[in-house]
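**Student:** Structure in structure tokens, see below.
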Amino acid sequence: MLNEFIKFSDWSITTLIALSPLVGMLLALVFPKPAENSRTIAWGVFAWSLVPLGLTLFLWLSGGFNPTLASVAGDQAMIQQVDRVRWVPFFNADYFVGLDGLNFPLVFLTTALTPVCILAAFRIKHRQNVYLALMLLLESAMLGYFVSLNFLLLFLFWEFSLVPMFFIINNWGGENRRYAAFKFFVYTMAGSVAMLLIFEFIYLATGTFDLVVLSRLGQGLPVDPALLAPKLGAGYTSGATLQSMLFSAVEDIGLTSILGTSNGTPAAIVFWSIFVAFAVKLAVWPLHTWQPDTYENAPTSGSMIVSAVMSKMGAYGMIRIMIMLFPQQTKFFAPALAILALASILFGAYAGLAQTNLKRLIAYASINHMGYVLLGLAAVASAAPESLGDLAVNIRASAMNGVQAQMVAHGFSTAALFFLAGELYERTGTYQLDQFGGLRKVMPIFAGIMGVAMFANLGLPGLAGFVGEFFIFRGAWGTQPVITTIAVLGLIVTALVLIRMYQKIFYGPVNHKLTNLPDIKVGDWAFNVTLPLIIVLLVFGIFPKPLMDLSNYAATVMAQVFTNL
Amino acid sequence: MHLIESLPAGIPYLSLIWLIPLLGALVIMFLPKEQKQAMRIISAVVATISFGIALLVFFAYDPNATGYMGTKMQFVEKLDWVPQLGMAYLVGADGISLPLLVLNGLVIFTGTFISWNIEDRVKEYFVLLLLLVVGVYGVFMALDLFLMFVFYELAVLPMYLLIGIWGSTRKEYGAMKLTIYLMVGSAALMIGMVAIYVVGGTFNMVELSQRVFSLEFQKIFFLPVFVGFAVLAGMFPFHTWSPTGHVAAPTAVSMLHAGVLMKLGAYGALRAALWLMPNGAQFWLPGIAVMTLMNVVYGASIAMVQKDFKYVIGYSSVSHMGLVMLALASMNETALNGAVMQMFAHGVMTALFFAVVGRMVYERTHTRQLPELGGLMKVMPFAFVVFIIASLSSMGMPGTAGFMAEFTIFTGVMNQYPLVAAVAALSIPITAAYVLRVGYMAFMGEVKDPHYHDLPPLTWQEKFSGTVLAIVVVGVGLFPSIIMDYIATGVQPIAQRMIDLAGR
Chain S
292 MLNEFIKFSD
302 WSITTLIALS
312 PLVGMLLALV
322 FPKPAENSRT
332 IAWGVFAWSL
342 VPLGLTLFLW
352 LSGGFNPTLA
362 SVAGDQAMIQ
372 QVDRVRWVPF
382 FNADYFVGLD
392 GLNFPLVFLT
402 TALTPVCILA
412 AFRIKHRQNV
422 YLALMLLLES
432 AMLGYFVSLN
442 FLLLFLFWEF
452 SLVPMFFIIN
462 NWGGENRRYA
472 AFKFFVYTMA
482 GSVAMLLIFE
492 FIYLATGTFD
502 LVVLSRLGQG
512 LPVDPALLAP
522 KLGAGYTSGA
532 TLQSMLFSAV
542 EDIGLTSILG
552 TSNGTPAAIV
562 FWSIFVAFAV
572 KLAVWPLHTW
582 QPDTYENAPT
592 SGSMIVSAVM
602 SKMGAYGMIR
612 IMIMLFPQQT
622 KFFAPALAIL
632 ALASILFGAY
642 AGLAQTNLKR
652 LIAYASINHM
662 GYVLLGLAAV
672 ASAAPESLGD
682 LAVNIRASAM
692 NGVQAQMVAH
702 GFSTAALFFL
712 AGELYERTGT
722 YQLDQFGGLR
732 KVMPIFAGIM
742 GVAMFANLGL
752 PGLAGFVGEF
762 FIFRGAWGTQ
772 PVITTIAVLG
782 LIVTALVLIR
792 MYQKIFYGPV
802 NHKLTNLPDI
812 KVGDWAFNVT
822 LPLIIVLLVF
832 GIFPKPLMDL
842 SNYAATVMAQ
852 VFTNL
Chain W
443 MHLIESLPAG
453 IPYLSLIWLI
463 PLLGALVIMF
473 LPKEQKQAMR
483 IISAVVATIS
493 FGIALLVFFA
503 YDPNATGYMG
513 TKMQFVEKLD
523 WVPQLGMAYL
533 VGADGISLPL
543 LVLNGLVIFT
553 GTFISWNIED
563 RVKEYFVLLL
573 LLVVGVYGVF
583 MALDLFLMFV
593 FYELAVLPMY
603 LLIGIWGSTR
613 KEYGAMKLTI
623 YLMVGSAALM
633 IGMVAIYVVG
643 GTFNMVELSQ
653 RVFSLEFQKI
663 FFLPVFVGFA
673 VLAGMFPFHT
683 WSPTGHVAAP
693 TAVSMLHAGV
703 LMKLGAYGAL
713 RAALWLMPNG
723 AQFWLPGIAV
733 MTLMNVVYGA
743 SIAMVQKDFK
753 YVIGYSSVSH
763 MGLVMLALAS
773 MNETALNGAV
783 MQMFAHGVMT
793 ALFFAVVGRM
803 VYERTHTRQL
813 PELGGLMKVM
823 PFAFVVFIIA
833 SLSSMGMPGT
843 AGFMAEFTIF
853 TGVMNQYPLV
863 AAVAALSIPI
873 TAAYVLRVGY
883 MAFMGEVKDP
893 HYHDLPPLTW
903 QEKFSGTVLA
913 IVVVGVGLFP
923 SIIMDYIATG
933 VQPIAQRMID
943 LAGR
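Chains as they are written, first to last, in the working numbering: chain S, 292 to 856; chain W, 443 to 946.
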């Protein structure tokens, strides 16, 4: 029965994509350093980091990954490129990885950005080989997280990704690096504890950690009973859903005396525990306070990877686990999610206005952008007004497509901004906005490149950032019109924030200390780091179809789920 | 064709495991005291052989076969000892005792290498160390209650001398406190044991486990037996001997103490108390669960404010053993699996911690006070890396053995006491915080004392021990099936019995 919605093919390179960076990591650590200033190891690591990217592009362009493949019953997108091996029989958990429309864009994002970040890391002087090894370890952890389809495996990668990031910030970061690294690590770990407990309970109620099976249960789709082995509750009967199994487990264990007999309370506890874990990572207000410190104090390439990819881990978790396993609860709480999204959008934007530190400004803009992502997710799940009628599926799919596009586009634009902020620091020794001024006369090409990155981040039509925002707002307007209207304010204020940032750096009177700054020349290292980012932002801004095709079918199927609920 | 069938029958493998270190101890006793290197080498050889046999038995065990008297016990050896009193020399191994035997072997194997630098009274040190190991091995394999008690005493007594002579901070006080606490525990144990004999007529635990004692009897005598062993496991409020003892003991002794000795307590509680008297257990365990919850959360919180590096690890042990005891108190199959898993995982991890703190750091810097340490990462990067691995296991980071153990425990405890599980889960971020704090203060930051740059480099013995332990922590973390499948076969009959009798 599994074959109906999982495509077990003869060959699968998912594990190769996800774990090949580890080989590079080992090589970087044991390879003897040839000479003091030699770049051998750095170039070797960069070359190795192109391997997962190459494999991903191969899958994409050769049709090895078919985004429109439907399951036999047509009730979900077919999961492809599957690797499945028995791992922990005690917990009925397999090493189960695969690709579908929900994670493939993010795999692309990760494999594309890591080489850029590694190239950016050439600036690291002190113990560069260890730093690069940590970057590759981080890449494996993030890729493993995105492709995992078993919760135990997914949680392993989720938590473990904190370790290399901790060291990247703690050992190579800025002034407050110890505090920022500690806060980042403990905050995120503490946020995940509730989710861990909830999933242990889900295991007791269903007997599996397999996310595909659980999401089918969550949506009320038929599941092979042999895959389940519940220890609590009534067990699987035809027509049982995840919620009903959980509730019967709660009854069985005797918690109803405390939680009451309505199945709303346990469902709410489960939902919010999972939401909190991922909301911390996505830096949703009010769980965002770790983020500005972390982004500010990480080294340049660290800020790039954490803002571009790691924050998307939070959104992906919401999609893969929260929405797919608990669609009814997500629908029920969607207004609350929309309000939290609105808070992130507005507070992120207004806080950005008040920042004097360039990196913190970009961080708050990030909070704002991730607010759009959450708004899109809330919009997908929200109850649609009657007037929409048949358009509801279209609207929801719009929002979901927007979420995917926004995640990818924001990744590229924010990475570019952080890199250029780092370059500015290398030239001037400061991140304080009032120390800059008139730099467009001194460094015109730098200004041009940063301008493109800034406008992409802002969402100017013609650049990639617009695509995501447009589709999210189009979808959100359909199901959450009031909140969307207010969120437009956030768009305006963020535009103000970013343009003002640009103005303070590049316009106005030239600061007399800064008249001799070296510009970026076409073809030099800094140019080569930003070039791929700018190209992607331009191309996907004008021609987003290839990217959106990846996720479209999966988004439409998900929209169907909510429309049928 | 499982490996067990291809092994030559008739060789008493389990007895060899403890006889060989005993033989080693005897040989060392007769060496002249100048031949220190010979003593070290003999200890290392003996430890390696016994570890090797334990591994052999581990891999040869057939998880699907039925063994002695219908249980899962294999490699059973029986000699009549005092038949009139129902005592026999009866040893056997199942899925629960095998990982623990391997653990003991691993800890003494790495421990002898860690002890290479002892110069003062080397002979007595190694003799006592090996006797301690003999005792621990014996407890894990004994299937006769009295035999288990004898080996238990054999394990406790050398601790007094080892801590009192070769220890450091407040060694006489620490040694005395430890010994008296454990003696009181064994006195309680003795009472329970004798009562069981009087009513049951034998000390053979397998036979006893198939007998059902009256509910009244179980209610009264479960407690002395359980608490007698629980003291050794460091259950609140009988835990205070443990941090003091940890701090006072020399490194290899701390490794054995936290790594294995405390597991004796949990193991004994499982075998002698839970297995034999499940109805009595059902009566007392909710209260015990609350006690162990104190262990878990309170122990972690106290570790946060310690100034002495070793005290942090000591309280960390109290907290983690609390998790083991909490899992035992939940008394369902998943939880018991988690308990044994945590015994193994914590044993390895804590041995690694003490190797770092005691041997690599303290022996060189001669201070364990965290305000005086700092920047050791630059001076001994290897120690830092293995310390990080041990820390990650301690906080339950997936990919390390500690995660699988804690995960299983929480799943099992949640099955029984969901609210207790929720409160106990608070210890996870607290552990992350205090472990990071200790890592910061000792290893990161500025090098506090310029003399630290001149510290002697790590010896190959230290690096070897550290590497072996770290590999086990990560290996079991990534491939937990190696251990979990065995433990599951061992726990299943006990869990079955509890369901049959106590309806759990």
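Think of the CB as a built atom: it goes at the ideal place given N, C-alpha and C, for glycine as much as any other residue. Here the structure is a predicted model, which is why all the values come from computation and not from measurement.
Taking DSSP as the reference, what is the three-state secondary structure of S/A368?
**Tutor:** Note: S/A368 maps to strand in three-state DSSP.
**Student:** With 16 other CB atoms within 10 Å as the buried threshold, where does W/I913 fall?
**Tutor:** Exposed is the call here.
**Student:** State the DSSP-derived secondary structure class of S/A675, mapped to helix, strand or coil.
**Tutor:** It is coil, neither helix nor strand.
**Student:** Leaving out five residues on either side along the sequence, give the residues of the same chain with a beta carbon under 6 angstroms from the beta carbon of W/T792.
**Tutor:** Result list for W/T792: A700, G701 and S759, in chain order.
**Student:** Are the Cβ atoms of W/L727 and W/I851 separated by less than 9 angstroms?
**Tutor:** Not closer than 9 angstroms, so no.
**Student:** Listing by chain order, which chain S residues have their CB less than 7 angstroms from the CB of W/T853?
**Tutor:** Going along chain S in sequence order, the residues near W/T853 (Cβ under 7 angstroms) are E491, Y494 and L495.
**Student:** Measure from the C-beta of S/I549 to each C-beta in chain W and report whether the shortest distance is under 9 angstroms.
**Tutor:** Yes, because at least one Cβ of chain W sits closer than 9 angstroms to the Cβ of S/I549.
**Student:** What's the gap between the Cα of S/R731 and the Cα of S/L348?
**Tutor:** The straight-line gap from Cα to Cα measures roughly 37 angstroms.
**Student:** I'd like the span of the beta strand (DSSP E) that includes S/D385, first residue to last.
**Tutor:** First-last of the beta strand (DSSP E) with S/D385: A384 to L390.
**Student:** Evaluate contact between the stretch 454 to 466 of chain W and the stretch 885 to 901 of chain W, counting only Cβ atoms and requiring at least three cross-stretch pairs below 8 angstroms.
**Tutor:** No, the stretch 454 to 466 of chain W does not touch the stretch 885 to 901 of chain W.
**Student:** Contact criterion: CB-CB distance below 9 angstroms. Does W/N559 meet it with respect to chain S?
**Tutor:** Not an interface residue.
**Student:** Look at the alpha carbon of S/L782 and the alpha carbon of W/V821, and state the distance between them as a whole number of angstroms.
**Tutor:** Roughly 51 angstroms between the two C-alpha positions.
**Student:** In terms of alpha-carbon separation, which member of S/L665, S/L427 and S/W816 lies closest to S/R414?
**Tutor:** It is S/W816 whose Cα lies nearest to the Cα of S/R414.
**Student:** Grab me the residues of W/T853's own chain with a C-beta within less than 6 angstroms of its C-beta, minus the 5 sequence neighbours each way, in chain order.
**Tutor:** For W/T853, where only same-chain residues beyond five positions count, the Cβ hits under 6 angstroms are T776.
**Student:** Taking the alpha carbon of W/F671 as the point to measure from, which residue in W/V828, W/Y623 and W/G547 has its own alpha carbon closest?
**Tutor:** Of W/V828, W/Y623 and W/G547, the residue nearest in Cα terms is W/Y623.
**Student:** For the stretch 812 to 837 of chain W, list every residue whose C-beta sits within 9 angstroms of some C-beta in chain S, in sequence order.
**Tutor:** The residues in question are M819, I830, L834 and M837.
**Student:** What separation, rounded to the nearest whole angstrom, lies between the Cα atoms of W/P692 and W/G800?
**Tutor:** Cα-Cα distance, rounded: 7 angstroms.
**Student:** So, for W/M443: in the same chain, excluding its five sequence neighbours on each side, which residues have a beta-carbon less than 8 angstroms away from its beta-carbon?
**Tutor:** Residue confidence is low: W/M443 scores 49 on pLDDT, short of 50, so the model does not pin down where it sits. Its coordinate-derived value is still stated next. Closer than 8 angstroms at Cβ, skipping near neighbours: no residue.
**Student:** Please determine if the stretch 733 to 750 of chain W and the stretch 768 to 788 of chain W are in contact, where contact requires at least 3 C-beta pairs separated by less than 8 angstroms.
**Tutor:** Verdict: yes, contact present.
**Student:** In whole angstroms, what separates the C-alpha of W/M601 from that of W/F593?
**Tutor:** In a straight line, the C-alpha of W/M601 is about 13 angstroms away from that of W/F593.
**Student:** Pull out every residue of the stretch 750 to 765 of chain W whose Cβ sits closer than 8 angstroms to any Cβ of chain S, in chain order.
**Tutor:** Listed by position, the residues of the stretch 750 to 765 of chain W near chain S (Cβ gap below 8 angstroms) amount to none.
**Student:** Using only CA atoms, which one of W/D522, W/E476, W/V499 and W/Q479 lies nearest to W/S948?
**Tutor:** Residue 948 of chain W lies beyond the range of chain W shown here (443 to 946); nothing can be said about it.
**Student:** Within a Cβ cutoff of 8 angstroms, which residues of the same chain sit near W/A937, ignoring the five residues on either side of it in sequence?
**Tutor:** N774, E775 and L778, listed in sequence order.
**Student:** Taking three-plus beta-carbon pairs below 8 angstroms as touching, is the stretch 672 to 681 of chain W in contact with the stretch 705 to 713 of chain W?
**Tutor:** They touch, by the three-pair rule.
**Student:** Excluding the 5 residues flanking S/T402 on each side, which residues of the same chain have their C-beta closer than 6 angstroms to its C-beta?
**Tutor:** Answer for S/T402: P343, L344 and T347, listed in chain order.
**Student:** Which residues of the stretch 502 to 534 of chain S have a Cβ closer than 9 angstroms to any Cβ of chain W? Give them in chain order.
**Tutor:** Result list: K522 and L523.
**Student:** Using a 10 Å radius around the Cβ and a threshold of 16 neighbouring Cβ atoms, would you call W/M471 buried or exposed?
**Tutor:** It is exposed - the Cβ of W/M471 has fewer than 16 other Cβ atoms within 10 Å.
**Student:** What does the alpha-carbon distance come out to for the pair W/P685 and W/E814?
**Tutor:** Those two C-alpha atoms are separated by around 21 angstroms.
**Student:** Name the two residues that bound the continuous alpha helix (DSSP H) containing S/E466.
**Tutor:** Premise fails: S/E466 is in no alpha helix (DSSP H) and is neither H nor E.
**Student:** Could you check where the alpha helix (DSSP H) with S/E760 kicks off and where it finishes?
**Tutor:** It spans A755 to T770 - the alpha helix (DSSP H) in which S/E760 sits, taken as one unbroken run.
**Student:** What's the C-alpha gap between S/T497 and S/Q510?
**Tutor:** Going from the Cα of S/T497 to the Cα of S/Q510 covers about 15 angstroms.
**Student:** Checking the sheet assignment: what are the DSSP bridge partners for W/Q516?
**Tutor:** Bridge partners of W/Q516: W/A535.
**Student:** Using CA atoms only, rank isn't needed, just tell me which of W/P922, W/M883 and W/T873 is closest to S/A481.
**Tutor:** The option with the nearest alpha carbon to S/A481 is W/T873.
**Student:** Secondary structure at S/S439, three-state DSSP: helix, strand or coil?
**Tutor:** If DSSP states are grouped into helix, strand and coil, S/S439 belongs with the strands.
**Student:** Given a cut-off of 9 angstroms on the beta-carbon distance, is the pair W/G634 and W/F664 in contact?
**Tutor:** Contact: yes.
**Student:** If you measure between the beta carbons of W/M583 and W/G534, is that distance less than 9 angstroms?
**Tutor:** The answer is yes: Cβ separation under 9 angstroms.
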